[in-house]
Amino acid sequence: MSSNAIARFFRIGATTVLAVVLIASPCPFVAARSLDGETKRGKNEAKSADPGTAEEVQDVLFFHESGPVLIRLRVLVDGKPYPLRWNEYVTRWFRFLDGDADGFLDGKEIARAPAPHLLLNLLSNPYAYALRDGPPLEDFDRDRDKRVSLDEFLRYYRASQAGPIQIVSPFNQPVQGVSQNALTDLLYSLLDKNKDGKLSRAELDDTEKILHKFDVDDDEMLSIAELQTAVPQPAPAAPTPNQKPVPAMQTPAIPLMLVPREDGPRRLNARLPVAREVLQRYDKNKDKHLSRDEIGMSKKDFDRLDRDKDNSLDVIELLRWIVLSPNAEIEVRLGRIQDKIDPISTRDDRNPALIKRSVNSLAYSTLDHSVTLIAAESVPVAAGQAARDVLIRQFKTIDQKGRGFLSKKQLPTAQFYNLNAILFVADNNGDECLDLDELNAWLDLTSSGLNCQVSVAMTASGRGLFQLLDGDRDGRLGLREMRSAWQRVATYDRDNDGAIRREEIPLQYEIVLNPGAPNFRTGQLGGVQPPAGMEPVAVVPRRGPLWFRKMDRNGDGDISQREFLGSRDDFRSMDTDGDGLISLDEARRADEALRKR
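In the working numbering, each residue's number is its place in the sequence shown (first place is 1) plus 782.
Now the structure itself:
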């Protein structure tokens, strides 16, 4: 980036940053945030202002077919900026490798550092280590002084696949083997009484009445598996004699990009390639500028970025958009949060009809597209101590003489691969032996890295009516979701005929943030087929008074008359809106009133 370009960039001024902003527009997700609120600051402050460098901020770019969408995420884990736990873990690695404790890693010490893909594996499985050649010292050593500082060590891994936040697969996957389009067809076949190809308000108001008969386990919830029993599934056709095999489906590229972060004066340089990528993707006439039609932006927001008024955006104006004017700002809180704090939130409600909220998700919809951001729960790490005990027991079994250490000769690679690999990286004193203290120190180090990397998974699942109704994204339809079916889809009645056609259902996208690996078990990834044995199960409520969580046996976030253990009069007094369900907010108000009495 030239000095003139940087000077031009900084002359545009600075903008006030709201904690969370979400603005509706004709754009696929949201329009560029208004810059009317730009504050008049001193020249020095304006030059240094860069809201995207806050510690908890991570910008995500969604390359939608009709235009790019830039989302500024403010991610907190356990109430703290998301990189903190990752920094602590990787710093522990540095101290672990720094055998002479001089604050630097020399060539011999850095040789034991894991390759990024190995460190990535350890973030989810800390008890297995594969012995591979690590990165050379030159890859870490930015100042070329033949040694690696802590800052260089952190910077190297931060920019790798083992960094503090990472995009993970899958994309465009079916739900439990059934596409969302197929589920939409199934729901239309059940709910469309007059078979006119549309669902009217009257037809959707009967959703609970029609679908409850398929609730096989009688838990007042309709799962996808139960819904599929409504229509007999055809048996797979027998292969014909000369039938050609179906070619394997190619996994499409995920249209999601993490905007690189960089420290100090290089932060603009790190994001300039992103501006060039946007230009390259949407520049249809290849004139190295983007017209308003090419970028899919409203005239008002386009004119704010078009500083030279040439009716096009160049790469520097796009860089200004990336740094100062994201389409949306969302705050996501993962891990442990206070009961009354929402896991995900936005402050701007200028077009609330297009914003759908549930306990842990926030969806913004235009008439043709819907993007849902989900703050997923942590996945409990199972059998961690058992895996640790296995390694220690294996160590003691080999050490039959009770010397307290194992030599390299005692650990043939084929038979004791894990311990052999651990010996290489845990042997701080260079004696080619692994003692019990070194093994425990290694296990303490790696186990501290669990859930310290935030994963971002994106799915695209077609025009899914089921997903529009499934507000909490648990893979099931609860009573409230079925009773409010029309209210959940009325926004998309484009022709205002009081009914929803299939083509009016928006394309569905989900962006799921999780403190660790994606959580399949709770059904948070609505567009993902869970691995075998990991089908969605009832989510245990984590919010609300204890009595509310105990009574909510099916985990749908409401208490029905059947679930309520008190009297009918008590239920009616708590059900203040008279909808036949006690919601989380109603439970909190009732609990506060009871405690005051």
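Just so it is clear, CB atoms sit at the ideal spot from N, CA and C, and this is done for glycine as well.
A distance of 8 Å or more separates the beta carbons of residue 1356 and residue 1291. By the Cβ rule, the segment 1074-1087 does not count as touching the segment 870-887, because fewer than three pairs are nearer than 8 Å.
Straight through space, the alpha carbons of residue 977 and residue 1254 are spaced by roughly 29 Å. Contact check for residue 1005 against residue 1280 fails: the beta carbons are separated by 8 Å or more. Under the rule that a run must span 4 or more residues, the alpha helix (DSSP H) segments found entirely inside the segment 859-888 read 865-879. Distance between residue 1001 and residue 993, taken at the CA atoms: about 13 Å. By alpha-carbon distance to residue 1267, the top candidate from 1276, 1247, 1256 is 1247.
Put simply, the backbone Cα of residue 1127 is about 32 Å away from that of residue 938. Comparing alpha carbon positions, the residue from 1109, 948, 877, 1052 closest to residue 851 is 1109. Nearest to residue 832 by C-alpha distance, out of 1044, 1153, 1073, is 1044. Residue 1120 is classed as exposed because its beta carbon has fewer than 16 other beta carbons within 10 Å across all chains shown. Of the other Cβ atoms in all chains shown, 16 or more fall within 10 Å of the Cβ of residue 1076; this residue is therefore buried. Under a 10 Å Cβ-count criterion, residue 1071 is classified as buried, with 16 or more other Cβ atoms of the shown protein chains found around its own Cβ.
Taking C-beta atoms as the reference points, residue 1037 and residue 844 count as a pair closer than 8 Å.
In the three-state reduction of the DSSP assignment, residue 1327 falls in the coil class, being assigned neither a helical nor a strand state. Every beta strand (DSSP E) of 3 residues or more that sits fully in the segment 1166-1240 is shown, in chain order, as 1187-1189, 1215-1217.
Between residue 1260 and the set 1231, 1339, 859, 1105, the nearest pair of CA atoms involves 1339. Residue 908 has its alpha-carbon roughly 26 Å from the corresponding atom of residue 1293. Annotation: the segment 909-965 contains the following complete segments of the beta strand (DSSP E) (minimum length 3 residues), in chain order: 947-950.
Pairwise C-beta distances place the segment 857-869 out of contact with the segment 922-934, as fewer than three of them are shorter than 8 Å.
Runs of the beta strand (DSSP E) lying entirely within the segment 1050-1130, each at least 3 residues long, are 1110-1116 in chain order. Secondary structure at residue 1347: coil, using DSSP grouped into helix, strand and coil.
Judged by their CB atoms, residue 899 and residue 948 are not nearer to each other than the 8 Å cut-off. Around residue 1345, the same chain offers 1333, 1335 as residues with beta carbons nearer than 6 Å, after the five sequence neighbours per side are excluded.
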